[in-house]
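Peer 1: Please find one structure pasted underneath; my questions will follow.
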Amino acid sequence: MSKVRTRFAPSPTGYMHIGNLRTALYEYLVAKKNEDGVFILRIEDTDQQRLVEGSVDVIYDTLKQCNLLHDEGPDVGGNYGSYIQSERMKSGIYKQYAEQLIELDGAHYCFCSEQEIDEQRQIAASKAISFKYDDPCKRLSKEEINSRIQSSEKHVIRQNIPNEGTTSFDDEVYGTISFENSTLDEAILLKSDGFPTYNFANIIDDHSMEITHVVRGNEYLSSTPKYNLVYSSFGWDIPTYVHCPPVMKDEQHKLSKRNGDASFQDLVAKGYLPQAIVNYIALLGWAPETDQEIYTLDELKQAFNVKRINTSGAIFDIDKLTWMNGIYLRNMDIDTFHALVLPYIKGAVTSDFDTKEIAEILHQRTSTLTEIHDMLDFFDVYPSFENDLYINKKMKTSPEIALPSLVAAKQLLANIDNYTKEVIHEQMMELVKTMGIKNGQLLFPVRIALTGKAFTPGGAIEIAYILGKEEAIRRLDIAINNLN
RNA sequence: GGCUCGUUGGUGAAGCGGCUUAACACAGCGCCCUUUCACGGCGUCACUCACGGGUUCGAAUCCCGUACGAGUCACCA
Numbered sequence: 000m001s002k003v004r005t006r007f008a009p010s011p012t013g014y015m016h017i018g019n020l021r022t023a024l025y026e027y028l029v030a031k032k033n034e035d036g037v038f039i040l041r042i043e044d045t046d047q048q049r050l051v052e053g054s055v056d057v058i059y060d061t062l063k064q065c066n067l068l069h070d071e072g073p074d075v076g077g078n079y080g081s082y083i084q085s086e087r088m089k090s091g092i093y094k095q096y097a098e099q100l101i102e103l104d105g106a107h108y109c110f111c112s113e114q115e116i117d118e119q120r121q122i123a124a125s126k127a128i129s130f131k132y133d134d135p136c137k138r139l140s141k142e143e144i145n146s147r148i149q150s151s152e153k154h155v156i157r158q159n160i161p162n163e164g165t166t167s168f169d170d171e172v173y174g175t176i177s178f179e180n181s182t183l184d185e186a187i188l189l190k191s192d193g194f195p196t197y198n199f200a201n202i203i204d205d206h207s208m209e210i211t212h213v214v215r216g217n218e219y220l221s222s223t224p225k226y227n228l229v230y231s232s233f234g235w236d237i238p239t240y241v242h243c244p245p246v247m248k249d250e251q252h253k254l255s256k257r258n259g260d261a262s263f264q265d266l267v268a269k270g271y272l273p274q275a276i277v278n279y280i281a282l283l284g285w286a287p288e289t290d291q292e293i294y295t296l297d298e299l300k301q302a303f304n305v306k307r308i309n310t311s312g313a314i315f316d317i318d319k320l321t322w323m324n325g326i327y328l329r330n331m332d333i334d335t336f337h338a339l340v341l342p343y344i345k346g347a348v349t350s351d352f353d354t355k356e357i358a359e360i361l362h363q364r365t366s367t368l369t370e371i372h373d374m375l376d377f378f379d380v381y382p383s384f385e386n387d388l389y390i391n392k393k394m395k396t397s398p399e400i401a402l403p404s405l406v407a408a409k410q411l412l413a414n415i416d417n418y419t420k421e422v423i424h425e426q427m428m429e430l431v432k433t434m435g436i437k438n439g440q441l442l443f444p445v446r447i448a449l450t451g452k453a454f455t456p457g458g459a460i461e462i463a464y465i466l467g468k469e470e471a472i473r474r475l476d477i478a479i480n481n482l483n
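Numbering that gives the first Met the number 0 puts the first residue of the first sequence at 0, with every later residue one more than the last.
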C-alpha cells in the first residue's frame, strides 16, 4: 500500500473557522495514524479579492499552536511544490490538463456567453422546472472550434457528462452514494480568463500531490461525482473520500464567520487552551470506541478511526468546552499553571502579593483564563459592600453573629508573629472551639470581611495569608466599623 | 423546484436484529463533603429512539413512505 498523504487546503481569510480546524485535525489524524503518513498544507489563495493581509500567518499560527505540524507546505517545502495555489497557476498546468482532457473526450470548448445561459436559467426558474444546460458547443465541428479559437473568441472549457448511466462512489463516512448522470451539470473547468475553477484546480492539485485521502465538508458530496468523472477521464485513481458533517451553531445554522461565531483565535482570546479546543472538536462529530474523553494528540492518533465519524451535524457546545478546559487546567502541575496564569494574575492584581499563592487557590477553580480577572479584583481594591452579605443560612451566620467573630479574628491575627497559613489555620480552629461556635460562623464572616465578595477563589485562611497581616487587619477594622 | 444527505434526551453521543427495563460525558436539578464558590462524591433527568406503515418469533437497529432540516445546482472558493 502506498503512503497515506492528506492535505489541509484552507483559503487565507484571516479567520480560522472551527469546522475548518476540525477538518485539519481529521486530515492530520488520518495521515498520522500511520507511521509514514504525510500531512500537507496547501494554501488556496486563488480568490485574490478575498485575500487578507497576514492571513496566511493565522493558518501557520493555528496549526503550530494546535501541534498539527505539516510535513510539506509553503513554509517547510516538499517535493510537490508549489504549495501555494496562486503560484501553481503561473505554470499554466491547469490549462494544459484541461486541454488534455478535451483530447481524452472528458471536456469540450464552450463559446456560450454567460448572459445567454443565465437567461435560460432564469426562465426555467420562473417556470419552476429544473434546469440543465444543453450546450450546443458540444456539437460543433473541429474546424469551427479551431477557427473560433483562432479568432480569439472568448471561451471556457467545460466538462463532459454522459447523458445516461449513474456515477457512484464510496465515502468512508456516508457509504455508497449514487447520482444519475442526467442530473449532473457540465461544470466549467477552465474560465475564460484561462484560470481554473476551484473544483478543477483541486482535482489537479490533489492528483499532482498524490493525495490519497480527501477529507472535506459534506457540502462537497454533491460535486464529488463530477470530480470522479474527471478523474476517470484522465484514468487517474480516485482518492478515498472522507466527507464530514458540519459543525453547527444551532439546529438550523452552521457555525460561520458571517454569524460572528467564534473562530479558533476568538476562543484562545477567551481563555481556552489550544489543546483543550483540539480535544473538544475531535469529539464533535466523531466518537471513540471507549468512554475516554480526554485525549492527548498522540492518543487521538491511536484512537481515531474515520468509520466512527458521524453523518449528522453536531452543535458546538461551549459549556462542554469550558468543562474540558477546566480539566486541562486542573491537570497541570502547579508550576506550569502558575507560569500560564501569571500574566492574567498580573492583569488583575498590581499590588505586591505572592502570585504563587494566588495561583494555588485558582488552580482548582478556574475553567477559562479570562475569568481570572474578576476572581481577583478584590486584592487591589477592597470593595464596599452591604452587611447582609454576612447572611448565610447554611453557615448560620448574620451581621450579628459576624461582629464578635470579626473582632476575635482581628485580635487573633494581630497576635500572630509567625504569620503562615498553618499557624492561622491552627489558631482559627482553636478560636472556634473557645467561642463555642461552628467553623462557618467564624470563617464565613472573615472571608466576607476580607474580600467584600460572596464568592472568592479561596477561603478565609488562604486569603488572610495572601493579603498579609497588616492588610488583613486593616480590612477587618473597616468591616467591624461598618457593623457598628 | 431537481438531486444528495440527515433525524436517539437541552447538548455531544453509544447502539450495527434479542445481552437495552437506551451506555458514557456536558449542562440542569437534588443531596453529601467543605471556611464561600469551585473541586470531588452520590443520585435524578429519553416507559423511548421525527412520524406512519411493513419485514421478523423479536426492530432504535432492516425496508418503504411522510414530515421536518441541511447541502448543492456560479466563468466563488
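Heads up, the beta-carbon is just placed ideally off N, CA and C, and yes, glycines get one too.
On a predicted model such as this, the values are computed, not experimentally measured, just so you know.
1. Looking only at DSSP bridge pairs, what is W322 linked to?
2. Nearest to A463 by alpha carbon, out of K432, G91, K420?
3. Quick check for students: name the residue ranges of the alpha helix (DSSP H) that lie wholly in the stretch 177 to 262, counting only runs of 4 or more.
4. Could you tell me the boundaries of the alpha helix (DSSP H) in which V431 lies?
5. Which residue spans inside the stretch 46 to 113 form an unbroken beta strand (DSSP E) run of at least 3?
6. Whole angstroms is fine: what's the gap from Y197's alpha carbon to T367's?
7. Assign Q291 to one of three DSSP states: helix, strand, or coil.
8. Looking only at C-alpha atoms, which of E218, Y240, L183, S167 sits nearest to D133?
9. For A408, collect the residues of the same chain with a Cβ closer than 6 Å to its Cβ; drop the 5 residues on either side in sequence, then sort them by chain order.
10. Which value, in whole angstroms, describes the spacing of the CA atoms of H242 and I176?
11. What's the gap between the Cα of E142 and the Cα of R215?
12. Please report the straight-line C-alpha distance between M331 and R364, rounded to a whole angstrom.
13. In the DSSP output, what is N391 paired with across the bridge?
14. Just to confirm my understanding: we take A422, look at its own chain, exclude 5 residues before and 5 after, and list those with CB closer than 7 Å. What are they?
15. Residue range of the beta strand (DSSP E) that S167 falls in?
16. One question on the structure: do I314 and E250 come within less than 8 Å of each other, judged by their Cβ atoms?
17. To the nearest angstrom, how far is the alpha carbon of G458 from that of L442?
18. In chain order, what residues of the same chain lie with their CB nearer than 8 Å to the CB of P398, ignoring the 5 residues before and after it?
19. Return yes when the Cβ of A106 is within less than 8 Å of the Cβ of N159, no when it is not.
20. Would you mind sorting P73 into buried or exposed? The rule is 16 or more other CB atoms within 10 Å of its CB.
21. Tell me the DSSP secondary structure of V39 in three-state form.
22. Looking only at C-alpha atoms, which of D297, L412, A448, A281 sits nearest to L20?
23. Checking the sheet assignment: what are the DSSP bridge partners for G156?
24. In the DSSP output, what is R6 paired with across the bridge?
25. Which of the three DSSP states is assigned to A313 in this structure?
26. Which same chain residues, not among the five before or five after T239, have their C-beta less than 8 Å away from its C-beta?
27. What separation, rounded to the nearest whole angstrom, lies between the Cα atoms of L68 and D56?
28. Taking the C-alpha atoms as reference points, what is the distance between L341 and I276?
29. Is I477 helix, strand or coil by DSSP?
30. Do L28 and F303 have their C-beta atoms closer together than 8 Å?
31. With G36 and V3 assumed to form a contact (beta carbons below 8 Å), what rounded beta-carbon distance in angstroms separates them?
32. Where A347 and R473 are concerned, what is the direct C-alpha to C-alpha distance, given to the nearest angstrom?
33. Between D260, I344, W322, Q291, which has its C-alpha nearest P456's C-alpha?
34. Could you tell me if G18 is buried or exposed, where buried requires 16 or more neighbouring beta carbons within 10 angstroms of its beta carbon?
35. So, are the CB atoms of L189 and A97 less than 8 Å apart?
36. Between the stretch 287 to 303 and the stretch 253 to 264, do three or more beta carbon pairs fall short of 8 Å?
Peer 2: Reading from the atomic positions:
1. Under DSSP, W322 takes part in no beta bridge, so it has no partner.
2. Per the Cα distances, K420.
3. Every alpha helix (DSSP H) stretch that sits fully inside the stretch 177 to 262 and reaches 4 residues is listed by chain position as 197 to 207, 223 to 233.
4. Segment 420 to 434, the alpha helix (DSSP H) holding V431.
5. Within the stretch 46 to 113, the complete beta strand (DSSP E) runs of at least 3 residues are 106 to 109.
6. Going from the Cα of Y197 to the Cα of T367 covers about 39 Å.
7. Of the three classes helix, strand and coil, the one that applies to Q291 here is coil, per DSSP.
8. Comparing Cα-Cα distances from D133 to each of E218, Y240, L183, S167, the minimum goes to L183.
9. Short of 6 Å from the beta carbon of A408, and not among the five residues preceding or following it, lie these beta carbons of its own chain, in chain order: V445.
10. Distance between the alpha carbons of H242 and I176 is about 12 Å.
11. Distance between the alpha carbons of E142 and R215 is about 42 Å.
12. Their backbone Cα atoms lie some 13 Å apart in a straight line.
13. N391 pairs with T396.
14. Per the sequence presented here, residue 422 reads as Val, with Ala not at that position. The beta carbon of V422 sits closer than 7 Å to the beta carbons of I415 from its chain, once the five residues preceding and following it are set aside; these are given in chain order.
15. Unbroken beta strand (DSSP E) run through S167: 165 to 170.
16. E250 is positioned such that its CB atom lies closer than 8 Å to that of I314.
17. In this structure, the CA atom of G458 is about 8 Å from the CA atom of L442.
18. If we look at P398 and ignore the five residues flanking it on each side, its Cβ neighbours are N386, D387, Y389, I390, L482.
19. Result yes, Cβ atoms of N159 and A106 sit closer than 8 Å.
20. Looking at its Cβ environment, which holds 16 or more other Cβ atoms inside 10 Å, P73 is buried.
21. Checking the sequence shown, residue 39 turns out to be Ile, not Val. The answer is strand: DSSP assigns I39 an E or B state.
22. Shortest Cα-Cα distance from L20 to any of D297, L412, A448, A281 involves A281.
23. The sequence shown places Ile at residue 156, rather than the Gly named in the question. Secondary-structure assignment with DSSP links I156 through a beta bridge to Y108, L189.
24. In the DSSP output, where bridge partners are listed per residue, R6 has I39.
25. In the three-state reduction of the DSSP assignment, A313 falls in the strand class, which pools E and B.
26. These residues qualify, in order along the chain: E171, T211, H212, V213.
27. Those two C-alpha atoms are separated by around 14 Å.
28. Rounded to whole angstroms, the gap between the alpha carbons of L341 and I276 is 21 Å.
29. Look at I477 here: in three-state DSSP terms it is helix.
30. When the beta-carbon positions are compared, L28 and F303 come within less than 8 Å of each other.
31. Contact holds; Cβ gap of about 4 Å.
32. A direct Cα-to-Cα measurement between A347 and R473 gives close to 21 Å.
33. When each option's Cα is compared against that of P456, the closest is I344.
34. It counts as buried.
35. Yes.
36. With contact defined as three or more Cβ pairs closer than 8 Å, the stretch 287 to 303 and the stretch 253 to 264 are not in contact.
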